[in-house]
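Visitor: Okay, here's the structure, questions in a sec.
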Amino acid sequence: MITLTGVKKSFGSNHVLRGVDLHVGKGQSMVVIGGSGTGKSVLIKCILGLVKPDAGIITVDETDVTRLPREAFLARFGMLFQGGALFDSLPVWQNVAFRLLRGSLARPWPEARSIAIEKLGRVGLQPDVADRLPAELSGGMQKRVGLARAICAEPEIIFFDEPTTGLDPIMAGVINDLIREIVTEMGATAITITHDMTSVRAIADQVAMIHAGKIRWTGPIKEMDTSPDPYVDQFIHGRAEGPIETIR
Amino acid sequence: MLRLVARLGAATLTLLAATGRFAIFIGETISHLVRPPFYVGEFRHALLQIGYFSLPVVGLTAFFTGGALALQIYSGGSRFSAEAVVPQIVAIGMVRELGPVLVGLMIAARVTSSIAAEIATMKVTEQIDALVTLSTHPMKYLTLPRVLAATLVMPLLVGIGDVIGILGGFVISTQRLGFNTTSYLQNTADFLEFHDIASSLAKGAVFGFVAALMGCYYGMHSDRGAMGVGRATKSSVVAAAVLILAANFLLTEAFFSA
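Quick mapping for you: the protein sequence lines, in order, are chains S and R.
Numbered by my numbering, the letters in the first sequence go through residues 1240 to 1487 in order.
Numbered by my numbering, the letters in the second sequence go through residues 159 to 416 in order.
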């Protein structure tokens, strides 16, 4: 479904992606792991066209993403941002139904509101949250709203960027379970970026580890613990000693 | 010597690149004017924020300036027995120059800074990226409504500022300097020409365009972090103020030379 071939991206002298090759099958939940600053977020931003790769090809359903009509292409995606990225000036329900209030998917406001409230319910939020502003919500609630927004237009592909960052372990567990349930229920293709190993085990069908701008290892979640790759081994066990350089 | 030339070259290239980026930004903003979809709700919101909520600051600035101008003209005019020209000079000074410029600068302070800080914060917190993933063009959703609203509402604000400025001069002149109410108003009305008013409103439209555009441009090109937001806000206000004053000179030259 989604294939990256030799994708490279540099910011000045900082070579973030040095030739990424990755394939995510339809309906699969791929989790990309890797240390901070290894280019995980840049990777999904390249797929979405938020960042233009310097080299390489990205295809969705075997079509080069640069040749697809932009709006139709983006309409197939949903994304949960690391910090939620909710629009401060809009109430929660308008954040969730943003896509349904404008553009080609626009619907009447009462219908959009009712869908937003239904999606809020899907992520465990009560209807009274709908008219609050994002700033009035806790971090965990904001993540849930972001998740509701990501799934509101029922996208085929969903990206989750660090979905549990900044949350307590219980809330992180709730979000992980929600993501897994929603991805399975919708039959969506998902790419999750994280360095939280609990999330990896809860969400992933497939895992890919990125290090030094390249995919070091990729395979099914059940093979991750027995991977012979020393980088994967060090990362998943959180060891300071190993091939991945650490600053102490 | 070689190093100096290299630095000069680098600075020139940076300036040219920035000018190019800015020109593209203007072109892109204008191009969205004729390409649907149009976000009417955002436009209405911008009209309210830029127009209606700026009225108090515009009114107070214009009133005090009109009053001070009347005192200055009276005091200066008395040196050569020309105190009687206060109504005419206040009217022409407010309408042709002080009204549009002061309203423009107040809008640069209030609106440009607010637009730049808001958009820069949206960029830093990935809200701009979120807009894109929701199939919404940030230029169309954020820039166009604000620039269009400021361009359309500023002539109105300037017109109101002109009237309140003249009122400030009228109040001071009649209550403190002993001018006759009827003759003050008559002199003001007789002296002002359509050309003065039209130039004032045209200046307002240009200054509104500049003020909102600078806020959007610096917000969209903000660096990351709190420092990036602060720098974008500061730069936007400075650029807007300088460009408004420069545009004022050029427009004055165009309207009133020869």
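Beta carbons: idealized from backbone N, C-alpha and C, even for Gly.
Pull the bridge partners of Phe-1316 (chain S) from the DSSP assignment, please.
Guide: Answer by DSSP bridge pairing, in chain order: S:Ile-1396.
Visitor: In chain S, which residues lie with their C-beta within 8 angstroms of the C-beta of Thr-172 (chain R)?
Guide: Within chain S, no residue comes near Thr-172 (chain R); the closest Cβ sits about 15 angstroms away, beyond 8 angstroms.
Visitor: Which value, in whole angstroms, describes the spacing of the CA atoms of Val-1303 (chain S) and Ala-164 (chain R)?
Guide: The question names Val, yet the displayed sequence has Asp at residue 1303 (chain S). Looking at the two C-alpha atoms, the distance is approximately 42 angstroms.
Visitor: Can you give me the start and stop residues for the alpha helix (DSSP H) that His-203 (chain R) sits inside?
Guide: Per DSSP, His-203 (chain R) belongs to the alpha helix (DSSP H) from 198–208.
Visitor: When you compare the CB of Phe-1250 (chain S) with every CB in chain R, is at least one pair closer than 7 angstroms?
Guide: No, because no Cβ of chain R sits closer than 7 angstroms to the Cβ of Phe-1250 (chain S).
Visitor: Any Cβ of chain S within less than 7 angstroms of the Cβ of Leu-292 (chain R)?
Guide: It does; some Cβ of chain S falls within 7 angstroms.
Visitor: Hey, Ala-1429 (chain S) and Ile-1397 (chain S): beta-carbon distance below 7 angstroms or not?
Guide: Yes, Cβ-Cβ distance for Ala-1429 (chain S) and Ile-1397 (chain S) is below 7 angstroms.
Visitor: Counting C-beta neighbours from all protein chains within 10 Å, is the total for Gly-323 (chain R) 16 or more, i.e. buried, or is it exposed?
Guide: It is buried - the Cβ of Gly-323 (chain R) has at least 16 other Cβ atoms within 10 Å.
Visitor: Find out if the Cβ-Cβ distance for the pair Ile-1454 (chain S), Gly-1273 (chain S) is shorter than 7 angstroms.
Guide: Cβ atoms of Ile-1454 (chain S) and Gly-1273 (chain S): not closer than 7 angstroms.
Visitor: I need the DSSP call for Val-1290 (chain S), collapsed to helix, strand or coil.
Guide: Coil.
Visitor: Name the DSSP bridge partner or partners of Ser-1268 (chain S)?
Guide: Answer by DSSP bridge pairing, in chain order: S:Ala-1429.
Visitor: Beta-carbon of Gln-207 (chain R) versus every beta-carbon of chain S: anything under 7 angstroms?
Guide: With 7 angstroms as the cut-off, Gln-207 (chain R) does not count as an interface residue toward chain S.
Visitor: Starting from the Cα of Lys-1248 (chain S), find the closest Cα among S:Gly-1295, S:Glu-1395, S:Ile-1421 and S:Gly-1317 and give me that residue.
Guide: Ranking S:Gly-1295, S:Glu-1395, S:Ile-1421 and S:Gly-1317 by Cα distance to Lys-1248 (chain S) puts S:Gly-1295 first.
Visitor: Note down, in chain order, every chain R residue with its Cβ under 7 angstroms from the Cβ of Phe-1326 (chain S).
Guide: Here the neighbours are Gln-285.
Visitor: Leu-1289 (chain S) touches chain R at which residues, Cβ-Cβ below 7 angstroms?
Guide: The answer, in chain order, is Asp-287 and Val-290.
Visitor: Using a Cβ-Cβ distance under 7 angstroms, would Glu-1310 (chain S) count as near chain R?
Guide: Interface residue, yes.
Visitor: What are the boundary residues of the alpha helix (DSSP H) that includes Pro-303 (chain R)?
Guide: Note, Pro-303 (chain R): alpha helix (DSSP H), 302–333.
Visitor: What in chain S is Cβ-close to Pro-214 (chain R), meaning under 7 angstroms?
Guide: Per Cβ cutoff of 7 angstroms: no residues; Pro-214 (chain R) is ~21 angstroms from chain S at best.
Visitor: Using the Cβ count rule (16 or more neighbours within 10 Å means buried), how would you classify Pro-1482 (chain S)?
Guide: Exposed is the call here.
Visitor: Taking 7 angstroms as the CB-CB limit, is Ala-1451 (chain S) close to chain R?
Guide: By this cut-off, Ala-1451 (chain S) is not an interface position.
Visitor: Could you tell me which whole beta strand (DSSP E) segments of length 3 or greater appear in the segment 1296–1343 of chain S?
Guide: Qualifying beta strand (DSSP E) stretches, in chain order: 1316–1319.
Visitor: Using a Cβ cut-off of 7 angstroms, which residues of the segment 1262–1278 of chain S contact any Cβ in chain R, in chain order?
Guide: Within the segment 1262–1278 of chain S, no residue qualifies.
Visitor: Which residues mark the beginning and the end of the beta strand (DSSP E) in which Met-1448 (chain S) is found?
Guide: Looking at the DSSP string, the run of the beta strand (DSSP E) that includes Met-1448 (chain S) is 1445–1450.
Visitor: Please identify the residue among R:Thr-339, R:Asp-354, R:Ala-267 and R:Glu-200 whose C-alpha is closest to the C-alpha of Val-253 (chain R).
Guide: Selected option, being the one with the closest Cα: R:Asp-354.
Visitor: Applying the 10 Å Cβ sphere with the 16-neighbour rule, what's the burial state of Asp-320 (chain R)?
Guide: Label assigned to Asp-320 (chain R): buried.
Visitor: What do you reckon, are the CB atoms on Glu-186 (chain R) and Met-297 (chain R) nearer than 7 angstroms?
Guide: Yes; because the gap between Cβ atoms is below 7 angstroms, this pair is in contact.
Visitor: Whose Cβ in chain R lies nearer than 9 angstroms to the Cβ of Gly-1342 (chain S)?
Guide: The contacting residues are Pro-195, Leu-292, Ser-293 and Thr-294.
Visitor: To which residues of the same chain is Gly-108 (chain R) closer than 6 angstroms at the C-beta, ignoring the five residues directly before and after it?
Guide: Residue coverage of chain R in this structure runs from 159 to 416, which leaves residue 108 (chain R) outside it and unanswerable.
Visitor: Once you ignore the five residues that flank Ala-405 (chain R) on each side, which residues in its own chain have a CB closer than 8 angstroms to its CB?
Guide: Around Ala-405 (chain R): Lys-361, Val-364, Phe-365 and Val-368.
Visitor: Buried or exposed, going by whether 16 or more other CB atoms sit within 10 Å of the CB of Ser-239 (chain R)?
Guide: Ser-239 (chain R) comes out exposed.
Visitor: Which of the three DSSP states, helix, strand or coil, is assigned to Ser-341 (chain R)?
Guide: Three-state result, Ser-341 (chain R): helix.
Visitor: Taking the alpha-carbon of Phe-1399 (chain S) as reference, which of S:Asn-1415, S:Pro-1408 and S:Ala-1314 has the nearest alpha-carbon?
Guide: Nearest option by C-alpha distance: S:Asn-1415.
Visitor: Kindly indicate which three-state DSSP category His-1262 (chain S) falls into: helix, strand or coil?
Guide: Here His-1262 (chain S) sits in strand by DSSP.
Visitor: Output the distance between the C-alpha atoms of Gly-373 (chain R) and Thr-270 (chain R), rounded to the nearest integer angstrom.
Guide: C-alpha separation (whole angstroms): 4 angstroms.
Visitor: In angstroms, rounded to a whole number, what distance separates the CA positions of Ile-1354 (chain S) and Tyr-197 (chain R)?
Guide: Each residue's Cα considered, the two are about 21 angstroms apart.
Visitor: When DSSP builds the beta bridges, which residues end up paired with Asn-1253 (chain S)?
Guide: Answer is S:Phe-1250.
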